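J.: For the sequence shown, position 112 matches number 111 in numbering that gives the first Met the number 0, and the numbering has no gaps at all.
Cβ coordinates follow ideal geometry from the N, Cα and C atoms, glycine included.
This structure is a prediction, so every number in the text was calculated from the model and none was measured.
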Amino acid sequence: MAGDPIESVKEGIRTLHNALQGDPQAVESAFLSVITFDSSARQVVPLTDLATFVPPNLTAGGTTALGEALTVLGSCIDREVQKTTGDQKADWKPLIFLLTDGNPTDSWQAPADELKARNPANIIAIAVGEAVDPSVLQQLSKTVLHMKDTSPSAFSAFFEWVSKSIKQTSAKCGADPAAAASGVSLPPPPPQIVIVP
0 MAGDPIESVK EGIRTLHNAL QGDPQAVESA FLSVITFDSS ARQVVPLTDL ATFVPPNLTA
60 GGTTALGEAL TVLGSCIDRE VQKTTGDQKA DWKPLIFLLT DGNPTDSWQA PADELKARNP
120 ANIIAIAVGE AVDPSVLQQL SKTVLHMKDT SPSAFSAFFE WVSKSIKQTS AKCGADPAAA
180 ASGVSLPPPP PQIVIVP
C-alpha cells in the first residue's frame with residue numbers, strides 16, 4: 000500500500016479514532032489495536048482504550064506475510080482479550096478489520112485454519128485493489144469485501160463505514176451484553192466496496 004493508499008490508511012485511522020471518541024458508548028467499550036504486515040508482521044499498537052490511543056505512523060513496502068500476521072493476531076488476542084474467570088466477565092468478541100493489497104507470500108493456510116477453527120474474533124477481510132485474490136480471504140473469513148478503488152475518497156468512505164460498524168456493535172452489545180456472543184451485523188458498506196459472494 001505504498002504511496003497514496005498508505006497515506007489514506009494513516010488518515011483513516013486518525014479519522015476513525017476521532018469519530019469513536021465522539022460516541023459515548025464507544026468511549027466506554029471500544030479499544031483499538033494495530034497490527035501491520037509486509038515482509039514481516041508486528042503489533043505496532045497494543046490493545047488500547049480510546050483515551051490513550053495514538054495513531055501510529057505507518058510505512059509500507061515489502062511482501063505480504065499474511066501467515067505471520069495471523070499468528071501475531073492470534074497471540075495478541077490470547078494475551079489482550081479478557082476471558083471469563085470467577086472474578087471478571089469476558090470482553091466482547093473483537094471486530095478485526097484485515098486489509099491487504101497483495102496475495103500471501105508466506106505459509107498462511109495453517110495459521111488461517113487455526114484461527115478459523117478457534118473463532119476468537121469477528122474477522123472482516125478486505126481485499127484492496129485489483130491484485131488481491133478474494134478467494135484466499137474467503138478461507139479465513141465469512142465476511143470478505145473488495146475495495147477495487149484505492150482513491151483517498153474510497154478509503155475515507157471505508158473508514159467511515161468501519162466507524163459506523165464499531166459504533167453499531169458497541170451500541171448493540173451495550174444494550175444486550177448477550178448479543179456479543181451472537182456475532183455482529185454490520186451496516187451496508189459504501190458503494191466503493193462490494194461484498195464478495
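Name the DSSP beta bridge partners of VAL143, please?
T.: ALA124
J.: So, at 7 angstroms on beta carbons, what are the nonlocal neighbours of ALA153 in its own chain, with the 5 sequence-adjacent residues on each side left out?
T.: MET146, GLN191
J.: Excluding the 5 residues preceding and the 5 following ALA170 in the sequence, name in chain order all residues of the same chain whose CB lies nearer than 7 angstroms to its CB.
T.: Hits under 7 angstroms: GLN24.
J.: Grab the span of the alpha helix (DSSP H) containing SER32 for me, first residue to last.
T.: Here SER32 belongs to no alpha helix (DSSP H); instead the beta strand (DSSP E) covers 30-36.
J.: Please list the terminal residues of the continuous beta strand (DSSP E) segment that includes LYS99.
T.: The residue asked about is misnamed: residue 99 is Thr in this sequence, not Lys. Note, THR99: beta strand (DSSP E), 94-99.
J.: Taking contact to mean 3 or more Cβ pairs, one atom from each stretch, closer than 8 angstroms, check whether the region 82-96 and the region 50-68 are in contact.
T.: Contact between the region 82-96 and the region 50-68 is absent, because fewer than three Cβ pairs lie under 8 angstroms.
J.: With distances taken Cα to Cα, identify the nearest neighbour of ASN102 among VAL127, GLU113, GLN167, THR58.
T.: VAL127
J.: ASN121 and ILE95 - do their beta-carbons sit closer together than 8 angstroms?
T.: Yes; because the gap between Cβ atoms is below 8 angstroms, this pair is in contact.
J.: Can you list, in chain order, the residues of its chain with a C-beta nearer than 6 angstroms to that of THR104? Leave out the 5 residues immediately preceding and following it.
T.: THR62, THR63
J.: How long is the line joining the alpha carbons of ILE5 and THR58, rounded to whole angstroms?
T.: So the two alpha carbons sit approximately 7 angstroms from each other.
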